[in-house]
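Enquirer: Here you go, one structure.
Numbering (my numbering), first residue to last: 343 to 485.
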């Protein structure tokens, strides 16, 4: 497979097993997210080469790759209303991702807490609401 990107070209080697599994996504002009490893095949060209293992349509990457939604804010004793707002938002946006809360202490240390009984979605709408409430730099998705 040859890929033309914004920064240049690359060649992705796809073995039969991966090709059969992802055949429907490997079509001309489709936008895909590729997971793979560098190829040790050497030649004199400047073309990046690697072995493709998994392929996802670009519009499904957030859903397929997201494992946790992270929210950072001051320790709850500073503002109980933030906890309630987070609970309310999370309760109406259920999904498959862990909700990880990063509590910042008065000394600036971070304490990470994973909500044990609450799973949330990584959908753009939910993340946007969180960022409106907690700030852009205080909400992120991890894989």
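Beta carbons are placed, not taken as given, at the ideal position from N, Cα and C, and that holds for glycine.
Predicted model, so just to flag it, every value in this text is computed and none were measured.
#1: Under the three-state reduction of DSSP, which class applies to residue 396: helix, strand or coil?
#2: Residue 459 and residue 440: beta carbons closer than 8 angstroms?
#3: In whole angstroms, give me the CA-to-CA distance for residue 362 and residue 369.
#4: Who are residue 390's beta bridge partners in DSSP?
#5: From what residue to what residue does the beta strand (DSSP E) around residue 428 run?
Expert: Put simply:
#1: strand
#2: no
#3: 13 angstroms
#4: 352
#5: Looking at the DSSP string, residue 428 is not in any beta strand (DSSP E); the run it does join, the alpha helix (DSSP H), is 422-433.
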